[in-house]
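Notes follow once the structure below has been shown.
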Amino acid sequence: MTSDDFARPGRPRSLETYAALEPDQTEAVLTLLADAARTDGQQAVSEQGRLQLRGGKRDGVSHLLLSVGDELVGYAQLEDTDPVEPPAAELAVHPSHRGNGHGRALGSALLAASGKRLRVWAHGGHSAARHLAQVLGLTLFRELRQMRRPLEGLALPDPVLPEGVTVRTFVPGADDAAWLALNAAAFAHHPEQGSLTQRDLDDRKAEEWFDPEGFFLAERDGRLVGFHWTKAHAAERLGEVYVLGVSPGAQGGGLGRSSPRSGCGTWRRGACRRRCSTSTPTTRRR
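By the UniProt record's numbering, the letter at position 205 of the sequence shown is numbered 205, and the numbering carries on one by one without gaps.
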């Protein structure tokens, strides 16, 4: 989430809401987000949100485009798919158009569209985002933390797996259904991750960063019991623990502790750092 201050006189602005974007609209939004990220040092819209810009209509997802004249100056995405939690939103204002009330206009529209039951992701925790949250009457209730460590020169013991567990890499197509079922079970308490669909998985498999050799599956008696999905950021020489999950029936046996070591050897050979994210309160991955 990025923000601005109160509105200033100028050209009239228009705000339109779409269930799906045309290709030219998608490119305009992606350009705006890239410009904002270069200024802020952080993406204002998550990977999931950026993927949802493409591919037509998605159930529960709305796109808000704020324009001044024929120029796109702000974007917001509202996702209402969680059966329990309020709708979630992300938003950004182009750096060249901040300080004109556009962030407040987008935030007010999101509140109205959600019936004033709204969660907003504020990536990076910028002071402007905190200011906008205060103006909109929003309060902090969850924090996502990122942890890093260097791997170069680090001596890591081989992973010690629970009895009967073996590890192999993901086979696109053949493992899709079984992985989706495992992911849903492992993250039943976390709908943002647990509700991933075949379409969501296909979106990620189509990304340049996707590498099945960095997607590790743990099996016992031919059934998936855990996984460690990694993501390499080549430009940053960074290896990410993208998702780590353990089947409820296999939790408590140490699989969650041993799984992250899968993939570290590859990262270490590339002199990468390792990154993982967790939220507060923390989720169970033992």
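For glycine and all other residues, C-beta sits at the position ideal for the given N, C-alpha and C.
Pro-150 - DSSP class collapsed to helix/strand/coil = Here residue 150 corresponds to residue number 150 of the sequence shown, with the count starting at 1. Three-state DSSP puts Pro-150 in a strand.
ask   = Can you tell me whether His-102 is buried or exposed, with buried defined as 16 or more other CB within 10 angstroms of its CB?
value = The residue given as residue 102 occupies position 102 in the sequence shown. Its Cβ being crowded by 16 or more others within 10 Å, His-102 is buried.
message = Going by DSSP, what residue range makes up the alpha helix (DSSP H) through Leu-182?
response = Numbered from 1 along the sequence shown, position 182 holds the residue referred to as residue 182. It spans 176-186 - the alpha helix (DSSP H) in which Leu-182 sits, taken as one unbroken run.
key: Three-way DSSP call (helix, strand, coil) for Ala-7 in this model   = Here residue 7 is taken as the residue at index 7 of the sequence shown, counted from 1. The pLDDT assigned to Ala-7 is 43, lower than 50, so where the model puts this residue is not dependable, and the model offers no usable value.
ask   = Taking His-94 as the reference, which of Leu-66, Thr-17, Glu-79 and Ser-14 has the closest Cα?
value = Taking the first residue of the sequence shown as position 1, residue 94 is located at position 94. Just measuring C-alpha positions, the residue of Leu-66, Thr-17, Glu-79 and Ser-14 sitting nearest His-94 is Leu-66.
key: Same chain, Cβ closer than 6 Å to Val-165, neighbours up to 5 away in sequence not counted   = Translated into positions along the sequence shown, residue 165 becomes position 165. If we look at Val-165 and ignore the five residues flanking it on each side, its Cβ neighbours are Ala-218 and Arg-220.
ask   = Taking the Cβ atom as the reference point for each residue, do Gly-49 and Glu-16 lie within a distance shorter than 8 Å?
value = Within the sequence shown, the letter at position 49 stands for residue 49. Within the sequence shown, the letter at position 16 stands for residue 16. Taking 8 Å as the Cβ cut-off, Gly-49 and Glu-16 do not qualify as a contacting pair.
inquiry  = If contact is defined by three or more beta carbon pairs under 8 Å, each pair taking one atom from either stretch, is the stretch 64-83 in contact with the stretch 130-144?
reply    = The stretch 130-144 vs the stretch 64-83: no contact.
inquiry  = Is the beta carbon of Thr-81 closer than 8 Å to that of Ser-195?
reply    = As a working mapping, residue 195 is identified with position 195 in the sequence shown. As a working mapping, residue 81 is identified with position 81 in the sequence shown. Contact flag set, yes.
query = Among all the DSSP beta bridges, which residues are the ones paired with Leu-51?
reply = As a position in the sequence shown, residue 51 is number 51, starting the count at 1. Note: Leu-51 sits in no beta bridge, so no partner.
query = Exposed or buried, what is Gln-134 when buried is set at 16 or more other beta-carbons lying within 10 Å of its beta-carbon?
reply = The sequence position of residue 134 within the sequence shown is 134, counting from 1. Taking a 10 Å sphere around the C-beta of Gln-134, we find fewer than 16 other C-beta atoms and assign the residue as exposed.
inquiry  = With H, G and I counted as helix, E and B as strand and the rest as coil, what does DSSP make of Leu-106?
reply    = In the sequence shown, residue 106 corresponds to position 106, counting from 1. It is helical.
message = The beta strand (DSSP E) that contains Thr-169, what's its start and end?
response = The sequence position of residue 169 within the sequence shown is 169, counting from 1. Counting along the chain, the beta strand (DSSP E) containing Thr-169 begins and ends at 165-169.
task = Please report the Cβ distance between Leu-182 and Leu-224, rounded to the nearest whole angstrom; I am assuming they are in contact, meaning their Cβ atoms lie under 8 Å.
result = The sequence position of residue 182 within the sequence shown is 182, counting from 1. The sequence position of residue 224 within the sequence shown is 224, counting from 1. Going by Cβ atoms, the distance from Leu-182 to Leu-224 rounds to 5 Å, so yes, they are a contact pair.
Rounded separation between Ala-235 and Gly-60 - CA only = For the purposes of this step, residue 235 is taken as residue 235 along the sequence shown, with counting starting at 1. For the purposes of this step, residue 60 is taken as residue 60 along the sequence shown, with counting starting at 1. About 34 Å.
message = With DSSP as the reference, identify every bridge partner of Lys-231, one or two as the case may be.
response = In the sequence shown, counting from the first residue as 1, residue 231 sits at position 231. Note: Lys-231 sits in a beta bridge opposite Glu-240.
ask   = Roughly how far, in whole angstroms, is the beta-carbon of Trp-179 from the beta-carbon of Phe-170, given that I think they are within contact range, below 8 Å?
value = The residue given as residue 179 occupies position 179 in the sequence shown. The residue given as residue 170 occupies position 170 in the sequence shown. Contact between Trp-179 and Phe-170 holds, since their C-beta atoms are separated by about 7 Å, short of 8 Å.
inquiry  = Under DSSP, the beta strand (DSSP E) around Ala-122 begins and ends at which residues?
reply    = As a working note, residue 122 is residue 122 in the sequence shown. Unbroken run through Ala-122: none, as it is neither H nor E.
message = By the DSSP assignment, the alpha helix (DSSP H) with Thr-39 in it spans what residues?
response = In the sequence shown, residue 39 corresponds to position 39, counting from 1. DSSP places Thr-39 in the uninterrupted alpha helix (DSSP H) bounded by 23-40.
key: Rounded straight-line distance, which links the Cα of Pro-248 to that of Ala-185   = As a first step, residue 185 is located in the sequence shown; it is residue number 185 there, counting from the start. As a first step, residue 248 is located in the sequence shown; it is residue number 248 there, counting from the start. Taking the Cα positions, Ala-185 is about 7 Å away from Pro-248.
ask   = Grouping DSSP H, G and I as helix and E and B as strand, with all else coil, what is residue 330?
value = The question about residue 330 has no answer, for the chain in this structure spans 1 to 286.
request  = Kindly indicate which three-state DSSP category Glu-192 falls into: helix, strand or coil?
outcome  = One-based indexing of the sequence shown puts residue 192 at position 192. Helix, per DSSP.
ask   = Under a three-way DSSP split, which group does Glu-207 fall into?
value = Working through the sequence shown from its first residue, we reach residue 207 at position 207. Coil.
query = Roughly how many angstroms separate the alpha carbons of Glu-22 and Arg-54, rounded to a whole number?
reply = Locating residue 22 in the sequence shown gives position 22, where the first residue counts as 1. Locating residue 54 in the sequence shown gives position 54, where the first residue counts as 1. Counting only the Cα atoms, Arg-54 lies some 9 Å from Glu-22.
query = What three-state label does DSSP hand Gln-77 in the structure shown?
reply = Within the sequence shown, the letter at position 77 stands for residue 77. Three-state result, Gln-77: strand.
inquiry  = Is there a Cβ of chain B sitting closer than 8 Å to that of Trp-209, yes or no?
reply    = Looking at the structure shown, chain B is missing, and only one protein chain is on hand.
ask   = So Leu-255 packs on Val-243, CB below 8 Å; how close in whole Å?
value = As a first step, residue 255 must be located in the sequence shown, where it is residue number 255. As a first step, residue 243 must be located in the sequence shown, where it is residue number 243. Between Leu-255 and Val-243 the beta-carbon gap is near 14 Å, outside 8 Å, which marks them as no contact.
message = Quick test of the definition: if touching needs 3 or more C-beta pairs under 8 Å, does the stretch 200-214 touch the stretch 143-161?
response = In short, these stretches do not touch, since the Cβ pair count stays below three.
ask   = Got a sec? Which residues, its chain only, sit under 7 Å from Ser-258 by beta carbon, not counting five neighbours each side?
value = Here residue 258 is taken as the residue at index 258 of the sequence shown, counted from 1. If you ignore the 5 residues before and after Ser-258, its C-beta comes within less than 7 Å of the C-beta of Pro-159, Val-160 and Leu-161, all in its own chain and listed in chain order.
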